[in-house]
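The structure appears below as structure tokens.
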Amino acid sequence: MKILMITPYLPYPLVSGGQIRTYNLLKNLSSKHKITLVSFIREPKEKQYLKDLKPFCENILVYQRRKAWSPLNIILAAVTPYPFLVSIYISRSLRRDISNLLEKENFDLIHAETFYVMPNIPQTNVPIFLVEQVIEYLVYQRFVEGLPSWFTFLKPFLKFDVAKIKWWEKHYWTRAKRLAAMSQDDKNFIEGIDSSLKVDVVANGVDIHYFANIKKQKTNKPTILFVGNFKWLPNRDAAQFLVKDIWPLIKSQITDARLWIVGRNPTPDLKNYASGDISIDEGVGDIRTAYGKSDVLLAPIRNGRGTKYKILEAMATKTAIVGTPLATEGINIINNKHALIGESAKDLAEKTIRLLKNHEESKTLAQNAYELVATDYNWKKISNSLDKVYREVGAK
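Remember, the numbering used here sits 8 above the position in the sequence shown when you count from 1.
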């Protein structure tokens with residue numbers, strides 16, 4: 009099949025969950041399909057990575073994404089029906105080029121990764137397969153609800169923008185021939201809003217061999233790991249929750265414990281938490297080393313649906329996991345078998361302390377989790393599922 013894939017980011021280097029997902033799907037599907045990739049870039053220097061994607065693509069087109077806080081984008085979000093999130097990706101040149109591509113090439117399918125690239129797709133008879141990595145309006149809705157009181161004067165404007173996100177997200181659900189969600193919960197949520205929509209679950213995966221090829225090292229101090237890209241709002245919230253509410257409870261019981269927060273783009277307020285027993289590290293070149301030198305991955309995620317790569321990576325490296333139900337959403341994890349699951353700060357702290365003190369239980373959970381991820385969440389199996397959907401959606 010000939011597929012036109014449109015993404016809001018270049019799928020390389022592998023520094024975000026979306027990039028990891030798209031890269032591995034391209035890699036595994038390229039032998040079965042001819043894929044033209046259309047991607048946004050933030051900086052011209054990203055073009056150096058095209059060589060890493062060319063082996064998997066027939067053609068690659070890149071377009072400069074508008075800066076989020078540029079005057080033009082602020083004006084567009086203010087005076088057009090589009091929300092701030094969508095206006096960043098509106099491009100006349102891209103829409104024109106996609107229109108020309110659709111006229112010249114006999115594509116069987118358009119794969120749109122996230123709804124906010126959809127305004128660039130002109131009216132067409134080519135079926136559209138829309139992938140929702142998360143339900144975006146829920147993420148921003150929770151963010152606005154959690155703003156401190158001194159943001160009160162801005163809340164009406166932000167709530168209006170969230171309402172626009174919700175409207176357009178639901179609108180593009182109906183424009184697509186088929187949808188994909190990352191988890192059964194997200195599928196149920198979307199179908200609960202509109203039962204006429206057909207939604208497949210195409211889960212995220214992990215490169216098992218890559219992550220399993222790391223030896224666990226005995227730590228000098230009990231080490232708790234948090235992993236996340238802090239451009240993503242739910243990761244910021246989780247890190248704040250961890251440092252302010254959970255960490256003091258752990259530290260009161262295990263005085264020599266260490267908290268290691270790893271991820272790109274840490275905010276200034278997060279950096280301020282760095283101290284003798286809290287490390288904020290944005291310079292880890294190989295994330296596998298962080299898992300190899302940690303005892304427990306703690307993922308107190310309170311917002312943001314979809315599968316969390318940090319959980320899959322921890323499973324593949326046999327790192328014991330403590331997390332919230334949202335952290336393990338989309339993965340068939342059973343509490344007390346593959347991980348320990350809790351919600352309150354007290355519960356999450358107690359479960360983390362339990363694993364730090366009980367190495368046999370920690371080891372058993374990690375082994376069970378590894379067996380689950382190796383069987384059900386490898387990219388080959390997931391790409392085969394996506395290939396099946398492609399053939400159904402693109403069938404003439």
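The C-beta atom is built at its ideal place from N, Cα and C for all residues, glycine as well.
- Going by beta carbons, Ile-288 and Ile-269 fall inside the 9 Å limit.
- Under the criterion of beta carbons closer than 8 Å, Ser-191 and Val-214 do not qualify as touching, at roughly 15 Å.
- In summary, Glu-153 is exposed, with fewer than 16 beta-carbon neighbours lying within 10 Å of its beta-carbon over all protein chains present.
- Counting C-beta atoms within 10 angstroms of its own C-beta, Asp-277 has fewer than 16 neighbours from the protein chains shown and is therefore classed as exposed.
- Looking at the DSSP output, Trp-387 sits in no beta bridge, so it has no partner there.
- If the five residues before and after Ala-76 are omitted, its C-beta is found closer than 7 Å to the C-beta atoms of Ile-96, all from its own chain and listed in chain order.
- Around the C-beta of Gly-402, 16 or more other C-beta atoms lie within 10 Å, and the residue is accordingly described as buried.
- Residue pairing from DSSP places Asn-343 in a beta bridge opposite Ala-347.
- For Leu-84, the closest alpha carbon among the candidates Ser-99, Lys-388, Tyr-71 is that of Ser-99.
- Checking the DSSP bridge columns, you'll see Tyr-71 partnered with Phe-48.
- The DSSP-derived three-state label of Trp-176 is helix.
- Per DSSP, the continuous alpha helix (DSSP H) segment holding Leu-80 begins and ends at 79 to 87.
- The beta carbon of Pro-130 sits closer than 8 Å to the beta carbons of Arg-103, Ile-106, Ser-107, Leu-110 from its chain, once the five residues preceding and following it are set aside; these are given in chain order.
- If you check the CB distance, Ser-47 and Asn-237 do not come in under 9 Å.
- With respect to the 9 Å criterion, Thr-15 and Leu-45 are classified as neighbours on the basis of their beta carbons.
- Note on the stretch 94 to 152: whole beta strand (DSSP E) runs with a minimum of 3 residues are 117 to 121, 136 to 140, in chain order.
- At a Cβ-Cβ threshold of 9 Å, Leu-37 and Tyr-398 count as neighbours.
- For Ser-260, the enclosing alpha helix (DSSP H) stretches over residues 255 to 261.
- Asn-67 and Asn-128 have their C-alpha atoms roughly 18 Å apart.
- Taking the Cβ atoms as the reference, Ile-173 lies roughly 6 Å from Leu-93, within the contact range of under 8 Å.
- If you look at Phe-219, you'll find it in the alpha helix (DSSP H) that goes 216 to 220.
- No residue range can be given for Gly-338, since it is assigned to no beta strand (DSSP E) and is classified by DSSP as neither H nor E.
- Under a 10 Å Cβ-count criterion, Leu-162 is classified as exposed, with fewer than 16 other Cβ atoms of the shown protein chains found around its own Cβ.
- Contact annotation, Asp-245 with Glu-337: C-beta distance approximately 16 Å; criterion of less than 8 Å not satisfied.
- A direct Cα-Cα distance of roughly 54 Å separates Lys-224 from Val-87.
- The Cβ-Cβ distance between Ile-361 and Ile-262 falls below 9 Å.
- Burial check for Ala-324: the Cβ neighbour count within 10 Å reaches 16 or more, so the residue is buried.
- In the structure shown, Leu-205 adopts coil according to DSSP, grouped into three states.
- About 21 Å separates the beta carbon of Asp-303 from that of Ile-216, a gap too long to meet the 8 Å contact definition.
- Boundaries of the alpha helix (DSSP H) around Arg-296: 295 to 300.
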